[in-house]
Amino acid sequence: MANGSVRVRFCPSPTGNPHVGLVRTALFNWAFARHTGGTFVFRIEDTDAARDSEESYEQLLDSLRWLGFTWDEGPEVGGPHAPYRQSQRMETYLEVAERLKEAGHAYSCYCTASELEERRDAARAAGRPSGYDGKCREVTPEQKARYEAEGREPIVRFRMPDETITFTDLVRGELTFTPENVPDYGIVRANGAPLYTLVNPVDDALMEITHVLRGEDLLSSTPRQVALYKALIELGIAKEVPSFGHLPYVMGEGNKKLSKRDPQASLNLYRERGFLPEGLLNYLSLLGWSLSADQDIFTIDEMVAAFDIADVNPNPARFDLKKAEAINADHIRLLDVADFTARCAPWLKAPFAPWAPEDFDEARWEAIAPHAQTRLKVLSEITENVDFLFLPEPVEDEASWAKAMKEGSDDLLRTARGKLEAADWTSAESLKEAVLAAGEAHGLKLGKAQAPVRVAVTGRTVGLPLFESLEILGREKTLARIDAALAKLAA
Ligand code: GLU
Ligand code: ZN
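So our numbering is basically just the index in the sequence shown, starting at one, shifted up by 2.
Quick look at the structure:
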């Protein structure tokens with residue numbers, strides 16, 4: 003395929019929140035388009051009025067923008083094959099269905115649901131293939147008149163050629179489907195609504211898609227689409243059958259397929275938790291692909307430069323949240339500090355921040371930010387890590403208090419307070435020495451000695467480096483908090 007002639011598409015249905023499997027599909031298509039200098043088409047498959055919503059449509063666009071995927075053709079940007087929302091293309095599909103019927107590639111099927119079920123059961127009982135049996139392929143004018151007199155409303159069914167269908171999947175190699183496994187299938191409902199089975203390949207044909215990269219769950223529709231494509235070529239509607247590549251399943255907890263409805267699958271969850279788009283994309287790219295055996299962390303540009311669909315692994319990929327977070331943490335560290343502080347902004351105000359807006363202090367934030375940057379897995383963790391700087395009093399975390407405040411903690415805190423009072427507050431090192439000396443006076447190592455100090459000052463047993471935290475909070479507040487803890491211990 004010559005550079006520039008690749009045309010791929012991302013064509014989600016706007017039903018519910020985008021999920022990570024969908025994002026992986028968008029990513030592989032986008033990376034393939036960018037790698038080959040091709041065209042990334044974004045199409046909205048909103049032909050299911052009952053399930054589609056305008057809200058999901060807006061969410062899809064917003065998600066793609068957040069991820070940084072630019073589309074060359076599609077909603078809002080337009081293009082030579084506009085419109086890119088299938089709900090605005092209905093006439094085209096019905097016209098194609100009509101032409102398929104005229105050419106004998108499709109026919110009206112008058113079978114009722116109960117008749118179909120009956121025959122399916124009978125076929126199963128007899129050990130025959132249970133798909134549609136082709137009954138309405140030949141309906142005489144008399145039968146047709148009778149059916150219509152009975153008030154039956156036909157669906158349009160595509161007539162599969164009675165031949166084996168073979169295609170070379172870009173990920174899985176050569177695949178073969180025999181006719182008994184791919185029966186004639188519906189393309190237009192009785193109420194006149196065209197189905198996915200029709201609109202998806204028709205649009206791929208009209209939009210001159212060269213490569214269809216999509217999830218393995220759609221593999222069973224591919225032999226049908228290949229056959230439909232051949233009919234479209236015959237009618238002059240399609241030029242050639244595109245290449246297909248089916249991306250591996252994504253497995254979630256308990257080695258079950260990650261479903262759209264799985265809360266862990268929702269893209270919004272990752273956004274709200276403060277994944278960076280580059281961190282999430284880096285992780286999702288590893289679900290079926292890798293840059294090299296010894297490099298897990300890379301930029302989207304590095305991925306684009308290296309991406310080839312032929313390198314995608316057909317085996318199911320396991321979604322591993324811990325690994326996703328670890329990769330995200332690496333991307334957080336790769337940001338320059340100014341970028342990091344800017345990206346934390348949403349979590350430093352309502353509804354996330356528990357402090358009053360006027361208590362936020364820019365200078366303290368800038369001082370603590372570099373210490374936070376090296377420790378966060380996701381940006382939302384920033385709020386808890388810095389709240390001690392902006393709340394009038396540290397949060398009350400009972401578990402932390404119980405864990406750190408032991409017998410003798412009051413004595414230790416009193417000693418530490420004295421030493422801290424005398425320390426040099428322009429140096430975290432000096433504050434460390436103060437707590438170290440207090441510990442020694444009570445036979446405690448630094449780790450044990452600093453725990454009650456940390457809980458007194460920050461409210462929690464874990465957090466950012468303690469002595470830098472104290473320095474940034476300041477002498478007066480630190481000492482006041484130790485006093486408050488001593489009072490609480492005495493009570
Ligand atoms: N609208 C279909 C879906 O979201 C697209 C499938 C395809 O890529 O062919 O499942
Ligand atoms: Zn029928």
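From the three backbone atoms N, C-alpha and C, an ideal C-beta is built for every residue, glycine too.
Please confirm whether any heavy atom of the ligand ZN lies closer than 7 Å to the CB of residue i.
i: K137; result: yes
i: Y112; result: yes
At the level of alpha carbons, what is the spacing between residue i and residue j?
i: L494; j: W367; result: It is not possible to answer for residue 494, since the shown part of the chain is limited to 3 through 493.
i: R90; j: G136; result: As written in the sequence, residue 90 is Gln, which differs from the Arg given in the question. So the alpha carbons of these two residues sit roughly 32 Å apart.
i: G476; j: W427; result: 7 Å
i: A406; j: R275; result: 28 Å
i: T114; j: F160; result: 17 Å
i: R9; j: D296; result: 31 Å
i: R387; j: Y285; result: A small correction: the amino acid at residue 387 is Asn; Arg does not occupy that position in the sequence shown. One C-alpha to the other measures close to 25 Å.
i: L62; j: K146; result: 44 Å
i: I134; j: A319; result: In the sequence as displayed, the identity of residue 134 is Tyr instead of Ile. Whole-angstrom Cα-Cα distance: 34 Å.
i: R121; j: M162; result: 19 Å
i: R67; j: G461; result: 39 Å
i: L208; j: D389; result: 56 Å
i: E442; j: R483; result: 22 Å
i: Q266; j: L378; result: 20 Å
i: E280; j: Y112; result: 52 Å
i: Q375; j: V158; result: 59 Å
i: P250; j: A365; result: 48 Å
i: L490; j: T343; result: The identity of residue 490 in the sequence shown is Lys, whereas the question assumes Leu. Each residue's alpha carbon lies about 35 Å from the other.
i: F44; j: P85; result: 11 Å
i: C13; j: L200; result: 14 Å
i: E47; j: G40; result: 22 Å
Tell me the DSSP secondary structure of residue i in three-state form.
i: T385; result: helix
i: L293; result: coil
i: L177; result: strand
i: Y149; result: helix
i: E398; result: coil
i: E75; result: strand
i: W32; result: helix
i: F169; result: strand
i: G449; result: helix
i: R87; result: strand
i: L187; result: It is worth fixing the name first, because residue 187 is Tyr in this sequence and not Leu. Strand, per DSSP.
i: H21; result: strand
i: G420; result: helix
i: G70; result: coil
i: G129; result: coil
i: G80; result: strand
i: E155; result: coil
i: A4; result: Caution is warranted here: a pLDDT of 42 is assigned to A4, below 50, making its placement in the model unreliable, and the coordinate value is therefore given only provisionally. Correct three-state label for A4: coil.
i: P16; result: coil
Under the DSSP definition of a beta bridge, which residues are partnered with residue i?
i: A108; result: F160
i: P196; result: V190
i: T41; result: R9
i: I1; result: Here the chain comprises residues numbered 3 to 493, so residue 1 is not present and cannot be evaluated.
i: G465; result: G465 pairs with nothing; no bridge assigned.
Can you tell me whether residue i sits near the ligand GLU, meaning its C-beta is under 7 Å from at least one heavy atom of the ligand?
i: E218; result: no
i: S261; result: no
i: N202; result: yes
i: H58; result: A small correction: the amino acid at residue 58 is Ser; His does not occupy that position in the sequence shown. Every heavy atom of the ligand GLU is 7 Å or more from the Cβ of S58, so no.
i: P250; result: no
i: P14; result: yes
i: E47; result: yes
Would you say residue i lies against chain D (beta-carbon separation less than 8 Å)?
i: S429; result: Among the protein chains of the structure shown there is no chain D, as only one such chain exists.
Original post:
Curious, which full-length beta strand (DSSP E) runs of at least 3 residues does the region 199-269 contain?
Top reply: 213-217 and 245-249
Subject >> Within the region 276-356, ranges of the alpha helix (DSSP H) (whole runs, at least 4 residues) >> reply: For the region 276-356, whole alpha helix (DSSP H) runs of length 4 or above, ordered along the chain, are 279-287, 302-308, 323-336 and 339-346.
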